[in-house]
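Here the structure is laid out as structure tokens; the discussion comes afterwards.
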Amino acid sequence: MSNAIPTPRQTYTLKFTRNEIENIIIYIAEKLPTYKLLDNNKTLNSIRIQVTRAFQPQHLDIRFQESEGDSTTFEIEVSKFTGGMTNDDSNLYAKKNLDEFMTFLVKCLEGYKITEEDIKNLKKGQTKNMIFYLIFFVIIIWFFFGGGLEMLI
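The sequence shown: position 21 = 4 (my numbering), numbered continuously.
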């Protein structure tokens, strides 16, 4: 029995051309430190972005479905770097990544330019996540190898 849960996905229709949306997606991936453009496949109508925060890298798979005049429909699916979503924490983290990315996408489509403050805030968030995971890892190591387990027995 598998404990995998469905990967979060959302479909959007925005009143912008596909080229405008693609250009902003690439702009976000180039400007912000938490995003990295992995693939822009024109044949498959898809873009893959890697989201890196601490020890939980995830992918945003953006698949364009249709364009009508000045409106474009696309789907974004969030997946783990390796394997499927296995717990609610992974799923919540994925939804956070999706929401943050869409916030930047919509703001930038409306003319917003990414600032040094945005970059600084994302880097600060990465650092906080790394510190949290490092402390958690040290506590686990101490618990199993430093006598913490003996206190429970």
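Just so you know, even glycine gets a beta-carbon here, dropped at the ideal spot from N, CA and C.
Given the structure is predicted, the values throughout are model-derived calculations rather than measurements.
Name, in chain order, the residues that DSSP records as bridge partners for residue i.
| i | result |
| --- | --- |
| K19 | Q33 |
| D44 | R31, E60 |
| R(-8) | E60 |
| L(-3) | T55 |
Hey, residue i and residue j: beta-carbon distance below 8 Å or not?
| i | j | result |
| --- | --- | --- |
| K14 | I97 | yes |
| S29 | D44 | yes |
| I11 | L88 | yes |
| T17 | T56 | no |
| T0 | S50 | yes |
| I32 | K19 | yes |
On a Cα-Cα basis, can you pick out the residue from the options that is closest to residue i?
| i | options | result |
| --- | --- | --- |
| V34 | K79, I4, E3 | K79 |
| K74 | I7, F87, H42 | It should be pointed out that residue 74 corresponds to Asn in this sequence rather than to Lys. Measuring from the Cα of N74, the nearest candidate turns out to be H42. |
| L27 | R46, K90, C91, E3 | R46 |
| Q48 | L81, I7, Q(-7) | Q(-7) |
| Q39 | E3, Y76, K19 | Y76 |
| E3 | K90, F128, D101 | K90 |
State buried or exposed for residue i, treating a residue as buried only when at least 16 other CB atoms are found within 10 Å of its CB.
| i | result |
| --- | --- |
| V61 | buried |
| L21 | exposed |
| E5 | buried |
| I122 | exposed |
| Y95 | exposed |
| I118 | exposed |
| M(-16) | With a pLDDT of 44 at M(-16), under the threshold of 50, the modelled position of this residue cannot be trusted; read the value that follows with caution. Per the 10 Å Cβ criterion, exposed. |
| I59 | buried |
| F84 | buried |
| I124 | exposed |
Please confirm if residue i has its CB atom under 8 Å from at least one CB of chain B.
| i | result |
| --- | --- |
| K78 | Checking the listed chains, one finds no chain B in this structure; it contains a single protein chain. |
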